[in-house]
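Take a look at the structure below.
Residue numbers (my numbering), protein chains in the order written: chain E, 308 to 851; chain C, 71 to 418.
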């Protein structure tokens, strides 16, 4: 659910944010001394309560948001989406791309005082591949042929085949304190609710269903965080959360499009809060079942693409907070190809393409027919997502103008997946993908991934794309990867297996007294330890 | 006459005990049936607890999915799973939650590491008891007075008011009240059970803080439930005041107060006792909604999350506890009825 639902808030928390096209901050809070100072706390509202703070055991975004403050990885993404060292100072990749050697930072300590060493990494790796560990993230690690500790601060992994996404898999999932967990059943460990980490914050109190209180790690290897406390307040209802923001009960939350454009456009919010905006790492699309006789014709898919006005959807559904999508990548990231076929709204051309493929309105009812059947299909989407439903409604209205009748059906998520997607019982679906920071999308587009429960559920098959996907993940050379992914986007734009509709913006709001926030392509939370409140503006002086 | 009362009371007591024992024994098959049906229905619903980990996740292979299902014991037939569940439940072990934290379900509902006031079952139970008391304290006087003032303007106004409360969606009313009292007037907190500086408050400060947090949730619950109780009270009162003995009471010159509250009221209360017993499941169901809106960490909130994640052991535990509380509620209502009504107490 985490991977395919477009819950704005969740996405904001995990993938954070992107790109800086409008890091515009409207706020009147000025003056006072502006120097970074220690102290104060930030309160963030969260809809879901974390379930498990050992990163490899959790799959919900709330858990990862919190454990992300407690654990670090060997590597992390830099603000330009390149990979940079975190607990690893540097690493070498062998010429054939099969061996990665990590050189770890020395002098890093777990918050209980023990040293962090290569043994902890090896322990984490062995734990995640263990049969008894129920982790959703095993696969990247099962590709490893050999993992070894060369010395206290050197860790080496060997692969069978070069695997580009491998490097980034050595993030915070597999760093665990061996001295505390060795020989224990990790799923039953106290660490799941009371973890010992080495990140910028440590958990000091967790009141189930109410709040999690994190305290800054004064010995954090990258420097003591300025904010003394980070507090997550569990507020399950989004409307309640917004009211809490209004009364100052929380400092930070993700806004919906209507909250961003209308409800926070007041003097009060301009004075007390700053809003941020950048493309989220996700896109919404209309996917066609390639096995359906009507949609197996490329001209029909293209006709529908010309019949939909993406700009209109962004303006109406997202209140302009997003951008039309052209492919499965986010604009202004390295794999994104800006020069592909764009399908500007053109109903004339759409009608013409339909005519060419044999669809014509014979009986004069406004609906095009072929072989005696009117063009009438159903767009399926999951219930409970207003943005998707509104998008489907606009598409329904637009397609009627080119002679295609559309029904919309919404189904509860589990039923939707189990009864319709897995069984391939659909004509077209409206869905969204959260995309990872790595460009590899083998699972979504490769023709071998069309079995039940696999992600190429539309049965897309293109031998050139297959080859390019393979090429892209088997080299660490960024230029070569870029070339492969650029070409894939050209093919996808021409073939239209999906109509890529829009990339929504993430729109968080943060209290104006909190400074040091600079939006980048990977969002705002990447430099959280550097956020601060100037001394004169500090609000929470007492430990809450 | 006065002397004869003692043996009669003993006789009553024996009947009562036998009755109680019978009812308690009857509860066992009922509870068994409820759990069986619940278990089957939950497993019939599409989706599995492993969905959150595995659905639409590019890192999940079919083998990994099978491993997970085996890990949770979901590869066995449903009846076998039910058998295993039943075996544990006899020892009052609700098993481990299927959610990622794998905590024992009982620990989630009744966390022995937290003070009693922070435990989910306690929070939900206390809120419902308080709500029930408030509902009765308001509904009964409304019911009586609108019966004694039948067809007056007062009757019409109260009737309209309680029905407005009944018809109004509680989540909507909750949001409006939060907006008014929390945002515009800034009198009351919006969500949660206590403030962030709670631990630093003096004793009375803590009490006031708790009460302030409870005002809105309790009002919303009570306002929505006034209709049933007050209307029952009203109609039962109307019936009673037409009875001969009320006429007799009036005829012998008793003041109207005494007629209504001494003679009529006690008899009119009887149907309400049954109604209270029946309202337990409604209150528990209501908790699911208002605990989510007000961010109250009770059992209803836990249940909602459990259902969304298809956390079977957790859902089953809460349903079982809910069913048990309902049956107990009904039993208490019947016992209350017996105590209040001598016609039932004496058997036939």
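Glycine included, C-beta positions come from ideal geometry on N, C-alpha and C. Note that this is a predicted model, so its numbers are computed, not measured.
Discussion item. Counting beta carbon pairs with one atom in the region 428 to 438 of chain E and one in the region 451 to 466 of chain E, are three or more of them shorter than 8 Å?
Written reply: yes
Worksheet item: Could you check where the beta strand (DSSP E) with residue 523 (chain E) kicks off and where it finishes?
Response: Residue 523 (chain E) sits at position 216 when you count from the first residue of the first chain. Looking at the DSSP string, the run of the beta strand (DSSP E) that includes residue 523 (chain E) is 518 to 523.
Item to complete: Using a Cβ-Cβ cut-off of less than 7 Å, give me the residues of the region 722 to 740 of chain E that come near chain C, in sequence order.
Response: 722, 724, 725, 726
Worksheet entry | Identity of the residue in C:135, C:373, C:219 nearest residue 358 (chain C) by Cα | Along the second chain, read from residue 1 onward, the residue named residue 358 (chain C) stands at position 288. The shortest C-alpha separation from residue 358 (chain C) is found at C:373.
Worksheet item: Ordered along the chain, which non-local residues of its own chain (more than five positions away) have a Cβ less than 8 Å from that of residue 193 (chain C)?
Response: Stepping through the second chain from its first residue, residue 193 (chain C) is reached at position 123. Same-chain partners within the cutoff: 187, 263, 366, 367, 368, 369.
Discussion item. I need the DSSP call for residue 333 (chain C), collapsed to helix, strand or coil.
Written reply: Position 263 of the second chain, counted from the start, is the residue given in the question as residue 333 (chain C). Three-state DSSP puts residue 333 (chain C) in a helix.
Item to complete: Would you kindly work out how many angstroms separate the C-alpha atoms of residue 631 (chain E) and residue 652 (chain E), rounded to a whole number?
Response: The count along the first chain starts at 1 and reaches residue 631 (chain E) at position 324. The count along the first chain starts at 1 and reaches residue 652 (chain E) at position 345. Answer to the nearest angstrom: the Cα atoms are 12 Å apart.
Practice prompt. Could you name the residues of the same chain whose beta carbon sits closer than 8 Å to that of residue 710 (chain E), not counting the 5 residues immediately before and after it, in chain order?
Written response: Looking up residue 710 (chain E) in the first chain gives position 403. Closer than 8 Å at Cβ, skipping near neighbours: 658, 661, 666, 668, 673, 674, 675, 682.
Worksheet item: Helix, strand or coil: which one does DSSP assign to residue 822 (chain E)?
Response: On the first chain, residue 822 (chain E) is found 515 positions in, with the first residue counted as 1. Strand, per DSSP.
Fill in: Span of the alpha helix (DSSP H) around residue 376 (chain C)
As a working mapping, residue 376 (chain C) is identified with position 306 in the second chain. From DSSP, the alpha helix (DSSP H) with residue 376 (chain C) extends over 369 to 378.
Discussion item. So that I know if they touch, is there some Cβ in chain E lying closer than 8 Å to that of residue 250 (chain C)?
Written reply: Taking the first residue of the second chain as position 1, residue 250 (chain C) is located at position 180. Answer no: the Cβ-Cβ gap between residue 250 (chain C) and chain E never drops below 8 Å.
Discussion item. Strictly under 8 Å for the Cβ-Cβ distance: is residue 441 (chain E) near chain C by that measure?
Written reply: Start at 1 with the first residue of the first chain, and residue 441 (chain E) comes out as number 134. With 8 Å as the cut-off, residue 441 (chain E) counts as an interface residue toward chain C.
Worksheet item: Using the rule of at least 16 other Cβ atoms within 10 Å of the residue's Cβ for burial, across every protein chain shown, is residue 530 (chain E) buried or exposed?
Response: Numbered from 1 along the first chain, position 223 holds the residue referred to as residue 530 (chain E). Its Cβ having fewer than 16 others within 10 Å, residue 530 (chain E) is exposed.
Practice prompt. Check distances from the C-beta atoms of the region 531 to 562 of chain E to those of chain C and list, in chain order, the residues that come in under 7 Å.
Written response: 541, 542, 543, 544, 546, 547, 550, 551, 553, 554, 556
Worksheet entry | Complete alpha helix (DSSP H) runs within the region 610 to 658 of chain E (minimum length 4 residues, chain order) | 617 to 624
Worksheet item: Would you call residue 510 (chain E) buried or exposed, if buried means 16 or more other Cβ atoms sit within 10 Å of its Cβ?
Response: Within the first chain, the letter at position 203 stands for residue 510 (chain E). It counts as buried.
Item to complete: Have a look at the DSSP bridge pairing and note the partners of residue 713 (chain E).
Response: Within the first chain, the letter at position 406 stands for residue 713 (chain E). Note: residue 713 (chain E) sits in a beta bridge opposite E:684.
Worksheet item: Are the region 388 to 407 of chain C and the region 87 to 103 of chain C in contact at 8 Å, needing three or more beta carbon pairs?
Response: yes
Worksheet entry | Contacts of residue 370 (chain E) in chain C (Cβ-Cβ under 8 Å) | On the first chain, residue 370 (chain E) is found 63 positions in, with the first residue counted as 1. Simply 170.
Worksheet item: Got a sec? Which residues, its chain only, sit under 7 Å from residue 108 (chain C) by beta carbon, not counting five neighbours each side?
Response: Reading the second chain from its first residue, position 38 is the one you call residue 108 (chain C). So the qualifying residues of the chain are 386, 389.
Discussion item. Under 8 Å, CB to CB, which of the residues in the region 368 to 395 of chain C have a partner in chain E?
Written reply: 368, 371, 372, 374, 375, 380
Worksheet item: Exposed or buried, what is residue 732 (chain E) when buried is set at 16 or more other beta-carbons lying within 10 Å of its beta-carbon?
Response: Within the first chain, numbered from 1, the residue matching residue 732 (chain E) stands at position 425. Residue 732 (chain E) should be labelled exposed.
Worksheet item: CB-CB under 7 Å to residue 800 (chain E), same chain, minus the five flanking residues each way: which ones, in chain order?
Response: The sequence position of residue 800 (chain E) within the first chain is 493, counting from 1. So the list reads 633, 634, 647, 648, once near-sequence residues are dropped.
Worksheet entry | residue 339 (chain E) classed as buried or exposed, judged by whether at least 16 other C-beta atoms fall within 10 angstroms | Counting from one through the first chain, the residue named residue 339 (chain E) turns up at place 32. In this predicted model, residue 339 (chain E) has a pLDDT of only 47, less than 50, meaning its place in the structure is not dependable; the value taken from the coordinates is given anyway. Answer is exposed; the Cβ neighbour count stays below 16.
Worksheet entry | Endpoints, the beta strand (DSSP E) within which residue 409 (chain E) is located | Translated into the one-based positions of the first chain, residue 409 (chain E) becomes position 102. Residue 409 (chain E) -> beta strand (DSSP E) spans 406 to 411.
Worksheet item: Can you tell me where the beta strand (DSSP E) with residue 352 (chain E) in it begins and where it stops?
Response: On the first chain, residue 352 (chain E) is found 45 positions in, with the first residue counted as 1. That run of the beta strand (DSSP E) goes 348 to 353.
Discussion item. What does DSSP give as the partner residue(s) for residue 591 (chain E) in the beta ladder?
Written reply: To locate residue 591 (chain E), count along the first chain from 1; it is residue 284. DSSP lists E:739, E:809 as partners of residue 591 (chain E).
Discussion item. Just to confirm, is the Cβ distance from residue 715 (chain E) to residue 686 (chain E) under 8 Å?
Written reply: Against the first chain, residue 715 (chain E) aligns to sequence position 408. Against the first chain, residue 686 (chain E) aligns to sequence position 379. The answer is yes: Cβ separation under 8 Å.
Worksheet item: What span of residues does the beta strand (DSSP E) with residue 486 (chain E) cover, start to end?
Response: Position 179 of the first chain, counted from the start, is the residue given in the question as residue 486 (chain E). Where residue 486 (chain E) is concerned, there is no enclosing beta strand (DSSP E), although the alpha helix (DSSP H) it sits in stretches over 485 to 488.
Item to complete: Any chance you could list the beta strand (DSSP E) runs of at least 3 consecutive residues sitting entirely within the region 256 to 321 of chain C, in chain order?
Response: none
Fill in: 4-residue-minimum alpha helix (DSSP H) runs that sit fully inside the region 434 to 492 of chain E, ordered along the chain
446 to 449, 473 to 476, 485 to 488
Worksheet item: Helix, strand or coil: which one does DSSP assign to residue 363 (chain E)?
Response: Here residue 363 (chain E) corresponds to residue number 56 of the first chain, with the count starting at 1. DSSP places residue 363 (chain E) in helix when its eight states are reduced to three.
Practice prompt. Report the neighbours of residue 188 (chain C) on chain E: residues whose CB is nearer than 7 Å to its CB, in chain order.
Written response: As a position in the second chain, residue 188 (chain C) is number 118, starting the count at 1. Per Cβ cutoff of 7 Å: 514.
Worksheet item: Got a sec? Which residues, its chain only, sit under 6 Å from residue 736 (chain E) by beta carbon, not counting five neighbours each side?
Response: For the purposes of this step, residue 736 (chain E) is taken as the residue at position 429 of the first chain. Same-chain partners within the cutoff: 594, 687.
Discussion item. On the DSSP letters alone, give me the boundaries of the alpha helix (DSSP H) that residue 803 (chain E) sits inside.
Written reply: As a first step, residue 803 (chain E) is located in the first chain; it is residue number 496 there, counting from the start. Careful: residue 803 (chain E) lies outside any alpha helix (DSSP H) and carries neither H nor E.
Worksheet entry | Distance between beta carbons of residue 532 (chain E) and residue 836 (chain E), contact taken as under 8 Å | Counting from one through the first chain, the residue named residue 836 (chain E) turns up at place 529. Counting from one through the first chain, the residue named residue 532 (chain E) turns up at place 225. Yes, residue 836 (chain E) and residue 532 (chain E) are in contact; Cβ-Cβ is about 4 Å, under 8 Å.
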